[in-house]
Amino acid sequence: MEYKIKGIISAERACECCGNNRLERNVVLADENGELMYVGSDCAGKLVHGAKKASNTKAVVKEAEFVSKCRELLTKYSHAEVKEYIGRMTTNGQRYLDRLAAVGLS
Ligand SMILES: [Zn+2]
Numbered sequence: 848m849e850y851k852i853k854g855i856i857s858a859e860r861a862c863e864c865c866g867n868n869r870l871e872r873n874v875v876l877a878d879e880n881g882e883l884m885y886v887g888s889d890c891a892g893k894l895v896h897g898a899k900k901a902s903n904t905k906a907v908v909k910e911a912e913f914v915s916k917c918r919e920l921l922t923k924y925s926h927a928e929v930k931e932y933i934g935r936m937t938t939n940g941q942r943y944l945d946r947l948a949a950v951g952l953s
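So for the sequence shown, my numbering puts the first residue at 848; every next one is plus one.
Shown next as structure tokens:
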């Protein structure tokens, strides 16, 4: 199963992966069927990058924060402006496409 990062929010629910209910934030992921999943950052790192370890947690949180920031920008700026911003902040072509898809701009 492959998961896509959809954003990060203040924790509203227990991790849907391990049940931990003492979370500060939920990372929102979407599975291959587009089903949303609310998990803790450690489990998000494992689901997206394959293993529960600090570097994966850090990477997934950073990307989720970026996606959430782009979503927030979309409430204030045009699609074209947000696309330009994502392009400026993204070096890798596939990652650019993933980020566009994550905020619904692809
Ligand atoms: Zn968990």
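The C-beta atom is built at its ideal place from N, Cα and C for all residues, glycine as well.
> Around the C-beta of residue 922, are 16 or more other C-beta atoms found within 10 angstroms, so that it is buried, or is it exposed?
Replying inline: One-based indexing of the sequence shown puts residue 922 at position 75. Per the 10 Å Cβ criterion, exposed.
>> Below 8 Å on the Cβ atoms is my contact criterion, and I expect residue 888 with residue 869 to pass it. Report the Cβ-Cβ distance as a whole number of Å.
In response: The residue given as residue 888 occupies position 41 in the sequence shown. The residue given as residue 869 occupies position 22 in the sequence shown. That pair is no contact at about 12 Å.
>> Tell me the rounded alpha-carbon separation between residue 907 and residue 914.
In response: Sequence index remark: in the sequence shown, residue 907 carries index 60 (1-based). Sequence index remark: in the sequence shown, residue 914 carries index 67 (1-based). When rounded, the distance between both Cα atoms is 11 Å.
> Since residue 853 and residue 877 are thought to touch, with beta carbons under 8 Å apart, how far apart are those beta carbons, to the nearest angstrom?
Replying inline: As a first step, residue 853 must be located in the sequence shown, where it is residue number 6. As a first step, residue 877 must be located in the sequence shown, where it is residue number 30. With a Cβ gap of about 5 Å, residue 853 and residue 877 count as contacting.
>> Between the alpha carbons of residue 895 and residue 941, how many angstroms are there, rounded?
In response: Position 48 of the sequence shown, counting from 1, holds the residue named residue 895. Position 94 of the sequence shown, counting from 1, holds the residue named residue 941. Rounded to the nearest angstrom, the two C-alpha atoms are 15 Å apart.
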